[in-house]
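Asker: Numbering (the working numbering), first residue to last: 17 to 510.
Dumping the structure here so I can ask a few things about it.
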Amino acid sequence: MDYTSTRSQCSVGSARTIAQGIADDGGLFVPRSFPRLDATAMQKLAAGDYRARAREILSLYLTDFTADEIAHSVGAAYSGKFENDDPAPLVEAGEGRFFLELWHGPTCAFKDMALQLLPHLLTAAAGKVGGGKESVILVATSGDTGKAALDGFADIPGTKIVVFYPQDGVSAMQKLQMISQRGSNVFVCGIAGNFDHAQSGVKAIFSDEAMKRDLAAKNLTFSSANSINFGRLAPQIVYYVSAYCDLVRRKKLVPGQRFNVAVPTGNFGNILAGVYARIMGVPVGKFICASNRNAVLSDFIATGVYDRNREFFTTTSPSMDILISSNLERMLHLLSGGDGEFVGRKMEQLRTTGRYAIPEAMLAQLQEIFFGGSCDDEAGARRIGKLFSETHYLVDPHTAVAAEVCERYREATGDASPCVIVSTASPYKFAGAVLPAIGVKTPPSDGFAMLEKLSETTGTEIPAPLAALRGAEILHKTSVAPSEMARFIRDALL
Ligand SMILES: *Cc1c(COP(=O)(O)O)cnc(C)c1O
Numbered sequence: 017m018d019y020t021s022t023r024s025q026c027s028v029g030s031a032r033t034i035a036q037g038i039a040d041d042g043g044l045f046v047p048r049s050f051p052r053l054d055a056t057a058m059q060k061l062a063a064g065d066y067r068a069r070a071r072e073i074l075s076l077y078l079t080d081f082t083a084d085e086i087a088h089s090v091g092a093a094y095s096g097k098f099e100n101d102d103p104a105p106l107v108e109a110g111e112g113r114f115f116l117e118l119w120h121g122p123t124c125a126f127k128d129m130a131l132q133l134l135p136h137l138l139t140a141a142a143g144k145v146g147g148g149k150e151s152v153i154l155v156a157t158s159g160d161t162g163k164a165a166l167d168g169f170a171d172i173p174g175t176k177i178v179v180f181y182p183q184d185g186v187s188a189m190q191k192l193q194m195i196s197q198r199g200s201n202v203f204v205c206g207i208a209g210n211f212d213h214a215q216s217g218v219k220a221i222f223s224d225e226a227m228k229r230d231l232a233a234k235n236l237t238f239s240s241a242n243s244i245n246f247g248r249l250a251p252q253i254v255y256y257v258s259a260y261c262d263l264v265r266r267k268k269l270v271p272g273q274r275f276n277v278a279v280p281t282g283n284f285g286n287i288l289a290g291v292y293a294r295i296m297g298v299p300v301g302k303f304i305c306a307s308n309r310n311a312v313l314s315d316f317i318a319t320g321v322y323d324r325n326r327e328f329f330t331t332t333s334p335s336m337d338i339l340i341s342s343n344l345e346r347m348l349h350l351l352s353g354g355d356g357e358f359v360g361r362k363m364e365q366l367r368t369t370g371r372y373a374i375p376e377a378m379l380a381q382l383q384e385i386f387f388g389g390s391c392d393d394e395a396g397a398r399r400i401g402k403l404f405s406e407t408h409y410l411v412d413p414h415t416a417v418a419a420e421v422c423e424r425y426r427e428a429t430g431d432a433s434p435c436v437i438v439s440t441a442s443p444y445k446f447a448g449a450v451l452p453a454i455g456v457k458t459p460p461s462d463g464f465a466m467l468e469k470l471s472e473t474t475g476t477e478i479p480a481p482l483a484a485l486r487g488a489e490i491l492h493k494t495s496v497a498p499s500e501m502a503r504f505i506r507d508a509l510l
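Right, dumping it as structure tokens:
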């Protein structure tokens, strides 16, 4: 299986795609074609456990990797690192509502699903095409990616990891998780700005020729663990296929029966992996693309106009506080039938004017796949409260956005198909927003007291990785202006 750029024709193997992260022309790597799973293949997948499903699906995309390399990577990622044997359990809460819990990994958020696997794929890929250089992983994070990448890459030989996070744009718990990260190869830095500043800064550094030269002189080369790396997307395809297999196995669906999927969306990586699974043969009817108040995506789906020239809101679902959804570029590539020139033009418009529009026919295609909706913090909190009082099921504010938009979709359309709601974070990670939503009028202000209060009120357990943060030593104290990001890297690595 070969990959091409979203912006021009090329043909690159899976190892280079992962090692390089981003295409030479600034575009993103996408598969040149998609593998299909027929009924027999689905049956075989359904019979296996999550790891077997992961090995099978990854081997279809990552054809430069040996079966042993894939098996080793999958084992290292999903055996022992997650709370349960099944890293992606499906929990029914309310008739026909299935929450796909992707947060039982070491950082309590869904990015572990990909970032526990990626380091192993990346070191294998670098061994094949990297010319013996060490990989420097550069990450801009809106909160959860940073810790998940740090945890995945810490002390992995042949790698260094640098994480930039918006200093006032992540939750206290997220920040503590990052600044207490151990590992001889980790660097963490706050940014006086928002996620888009951090992401733009990282993009600029990636294309800084002088920096690249200086790194090469030290036998280092940049690589990316952001969701622009196809190595992040591939593991995410697995859980959509797996959720469908589980629904069939539990007789909630007959094979081939359609179901909908609601995804709390930010950078568009998670939901795009679902679209890839649909192309492979998973019978998804609609993808419900749920935004918080930063409704740039749901507006795009409604109007065909992507416009980032708008007020930026800080919300209780910070991992979705994004105005530039990088992976949408891959969706445009799909919708345009692989027209790199079209995608390049739209991305150039986005860069220069902050805005672009797609043609009418393309919008119709988009709306056939997606329903977009947004919900503010108050509506999200009401949904958390309602779910908890009616079903005793607890969700975090990101998942609540998806659950709320899912209900609005069902009401607006009368489509009562079963729905998988992708649950992206442990409610404990956002206890400060969850507590008032379930009726705790004056929650404690201290992070750990909040965790205890949440546990007490709901009769659920504090996830071990969060409990372990109590008394953690702060190891990373630096914070810089966005313009100083390159300087930080030079100081850290050169
Ligand atoms: C990253 C993240 C999202 C958004 O996922 P994208 O792939 O960026 O769309 C949603 N919820 C949580 C908790 C996240 O960490």
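Note that beta-carbon positions come from the ideal geometry of N, C-alpha and C, so glycine has one too.
What you are looking at is a predicted structure, and each value in this text was computed from that prediction instead of being measured.
Between lysine 127 and ligand 1, is the CB less than 8 Å from at least one heavy atom?
Answerer: Position 111 of the sequence shown, counting from 1, holds the residue named residue 127. The answer is yes for lysine 127.
Asker: Are the Cβ atoms of threonine 161 and serine 151 separated by less than 9 Å?
Answerer: Translated into positions along the sequence shown, residue 161 becomes position 145. Translated into positions along the sequence shown, residue 151 becomes position 135. For threonine 161 and serine 151, no; Cβs fall outside 9 Å.
Asker: Using the rule of at least 16 other Cβ atoms within 10 Å of the residue's Cβ for burial, across every protein chain shown, is leucine 133 buried or exposed?
Answerer: Here the question's residue 133 lines up with position 117 in the sequence shown. Under this definition leucine 133 is a buried residue.
Asker: Counting contacts by CB-CB distance shorter than 9 Å, is leucine 166 in contact with chain B?
Answerer: In the displayed structure, chain B is absent; only one protein chain is listed.
Asker: Taking buried to mean at least 16 other C-beta atoms within 10 Å of its own C-beta, is serine 239 buried or exposed?
Answerer: On the sequence shown, residue 239 is found 223 positions in, with the first residue counted as 1. The residue is buried, with at least 16 neighbouring Cβ atoms inside 10 Å.
Asker: Going by beta carbon distance, what residues of the same chain come within less than 7 Å of glycine 37, once the five residues before and after it are set aside?
Answerer: Looking up residue 37 in the sequence shown gives position 21. Excluding sequence neighbours, glycine 37 sits near Ser239, Ser240, Ile244 and Asn245.
Asker: Tell me the rounded alpha-carbon separation between valine 254 and leucine 467.
Answerer: By 1-based counting over the sequence shown, the position of residue 254 is 238. By 1-based counting over the sequence shown, the position of residue 467 is 451. Computed Cα separation, rounded: 31 Å.
Asker: Report whether the distance from the Cβ of proline 280 to the nearest heavy atom of ligand 1 is below 8 Å.
Answerer: Numbered from its first residue, the sequence shown carries residue 280 at position 264. The answer is yes for proline 280.
Asker: Give me the Cα-Cα distance between leucine 470 and arginine 324, rounded to the nearest whole angstrom.
Answerer: In the sequence shown, the residue the question calls residue 470 occupies position 454. In the sequence shown, the residue the question calls residue 324 occupies position 308. Roughly 36 Å between the two C-alpha positions.
Asker: Less than 8 Å between the CB of glycine 396 and some heavy atom of ligand 1, yes or no?
Answerer: Taking the first residue of the sequence shown as position 1, residue 396 is located at position 380. For ligand 1, not one heavy atom lies less than 8 Å from the Cβ of glycine 396.
Asker: Given a cut-off of 9 Å, decide if isoleucine 73 and alanine 259 are closer than it, judged by their beta-carbon atoms.
Answerer: Counted from its first residue, the sequence shown places residue 259 at position 243. Counted from its first residue, the sequence shown places residue 73 at position 57. For alanine 259 and isoleucine 73, no; Cβs fall outside 9 Å.
Asker: In whole angstroms, give me the CA-to-CA distance for valine 279 and alanine 233.
Answerer: One-based indexing of the sequence shown puts residue 279 at position 263. One-based indexing of the sequence shown puts residue 233 at position 217. Cα to Cα, the separation comes out at about 43 Å.
Asker: Which same chain residues, not among the five before or five after phenylalanine 464, have their C-beta less than 6 Å away from its C-beta?
Answerer: One-based indexing of the sequence shown puts residue 464 at position 448. Here the set comprises Arg486.
Asker: In whole angstroms, what is the alpha-carbon distance linking threonine 330 and glutamate 384?
Answerer: Counting from 1 along the sequence shown, the entry for residue 330 is found at position 314. Counting from 1 along the sequence shown, the entry for residue 384 is found at position 368. If you take the alpha carbons of threonine 330 and glutamate 384, they lie about 30 Å apart.
Asker: Note the first and the last residue of the continuous alpha helix (DSSP H) segment covering threonine 368.
Answerer: Locating residue 368 in the sequence shown gives position 352, counting from the first residue. First-last of the alpha helix (DSSP H) with threonine 368: 356–369.
Asker: Is the number of C-beta pairs between the segment 261–276 and the segment 394–412 that are closer than 8 Å three or more?
Answerer: Contact fails: fewer than three Cβ-Cβ distances are below 8 Å.
Asker: Quick check: what's the CA-CA separation for aspartate 84 versus glycine 148?
Answerer: In the sequence shown, residue 84 corresponds to position 68, counting from 1. In the sequence shown, residue 148 corresponds to position 132, counting from 1. Their Cα atoms are separated by approximately 21 Å.
Asker: Any heavy atom of ligand 1 within a distance shorter than 8 Å of the CB on threonine 161?
Answerer: Position 145 of the sequence shown, counted from the start, is the residue given in the question as residue 161. True, at least one ligand heavy atom lies under 8 Å from that Cβ.
Asker: Only counting the same chain, and skipping five residues up and downstream in sequence, which positions put a Cβ closer than 6 Å to that of phenylalanine 203?
Answerer: Numbered from its first residue, the sequence shown carries residue 203 at position 187. Closer than 6 Å at Cβ, skipping near neighbours: Val178 and Ala508.
Asker: Please state the DSSP three-state secondary structure of phenylalanine 45.
Answerer: Taking the sequence shown and counting its residues from 1, the one referred to as residue 45 is at position 29. Strand at phenylalanine 45.
Asker: Answer yes or no: the CB of isoleucine 253 versus the heavy atoms of ligand 1, is any distance below 8 Å?
Answerer: Stepping through the sequence shown from its first residue, residue 253 is reached at position 237. It does not: the Cβ of isoleucine 253 is nowhere closer than 8 Å to a heavy atom of ligand 1.
Asker: What residue range does the alpha helix (DSSP H) around tyrosine 262 cover?
Answerer: Within the sequence shown, residue 262 is the residue found at index 246, counting from 1. Looking at the sequence provided, one finds aspartate at residue 262 rather than tyrosine. Residues 246–265.
Asker: To the nearest angstrom, how far is it from the Cα of leucine 192 to the Cα of valine 186?
Answerer: As a position in the sequence shown, residue 192 is number 176, starting the count at 1. As a position in the sequence shown, residue 186 is number 170, starting the count at 1. The alpha-carbon atoms of leucine 192 and valine 186 are separated by roughly 10 Å.
Asker: If you drop the 5 nearest sequence neighbours on each side, which residues of the same chain put their C-beta closer than 6 Å to that of leucine 379?
Answerer: Walking along the sequence shown from the start, residue 379 turns up at place 363. Same-chain partners within the cutoff: Gly320.
Asker: Run the CB neighbour count on alanine 164, radius 10 Å, all protein chains shown included, and call it buried at 16 or more, exposed below.
Answerer: Indexing the sequence shown from 1 puts residue 164 at position 148. Classification for alanine 164: buried.
Asker: Rank Ala502, Ser499 and Leu491 by C-alpha distance to the C-alpha of arginine 198 and give the top, closest one.
Answerer: Position 182 of the sequence shown holds residue 198. For arginine 198, the nearest C-alpha among the options comes from Leu491.
Asker: Is histidine 349 near ligand 1, going by C-beta to nearest heavy atom under 8 Å?
Answerer: Translated into the one-based positions of the sequence shown, residue 349 becomes position 333. No, ligand 1 has no heavy atom inside 8 Å of this Cβ.
Asker: Looking at C-beta atoms only, is the number of pairs between the segment 107–126 and the segment 424–441 that lie closer than 8 Å three or more?
Answerer: Taking a cut-off of 8 Å for Cβ pairs, the segment 107–126 and the segment 424–441 touch, as three or more such pairs fall below it.
Asker: Which of the three DSSP states is assigned to tyrosine 66 in this structure?
Answerer: The residue given as residue 66 occupies position 50 in the sequence shown. When DSSP states are grouped into helix, strand and coil, tyrosine 66 belongs to the helix group.
Asker: Can you list the alpha helix (DSSP H) stretches of 4 or more residues lying completely in the segment 89–166, in chain order?
Answerer: 128–131 and 134–145
Asker: Rounded to the nearest angstrom, what separates methionine 189 and glutamine 252 at their Cα positions?
Answerer: Here residue 189 refers to the residue found at position 173 of the sequence shown. Here residue 252 refers to the residue found at position 236 of the sequence shown. So the alpha carbons of these two residues sit roughly 25 Å apart.
Asker: Residues in the same chain with beta-carbon distance under 6 Å from valine 167, minus the five sequence neighbours each way, listed in chain order, please.
Answerer: Against the sequence shown, residue 167 aligns to sequence position 151. Going by the sequence as given, residue 167 is aspartate instead of valine. These residues qualify, in order along the chain: Pro122 and Thr123.
Asker: Tell me whether the segment 47–54 and the segment 294–314 touch, counting them as touching only if at least three CB pairs, one residue from each stretch, are closer than 8 Å.
Answerer: yes
Asker: Just the C-alpha distance for lysine 228 and leucine 236, rounded to the nearest angstrom, thanks.
Answerer: Start at 1 with the first residue of the sequence shown, and residue 228 comes out as number 212. Start at 1 with the first residue of the sequence shown, and residue 236 comes out as number 220. Cα to Cα, lysine 228 sits roughly 8 Å from leucine 236.
Asker: With a cut-off of 8 Å, do at least 3 Cβ pairs link the segment 334–342 to the segment 356–363?
Answerer: no
Asker: Using alpha carbons as the reference points, say which of Ile317, Ala104 and Phe328 lies closest to tyrosine 372.
Answerer: In the sequence shown, the residue the question calls residue 372 occupies position 356. With distances taken between CA atoms, tyrosine 372 lies nearest to Ile317 out of Ile317, Ala104 and Phe328.
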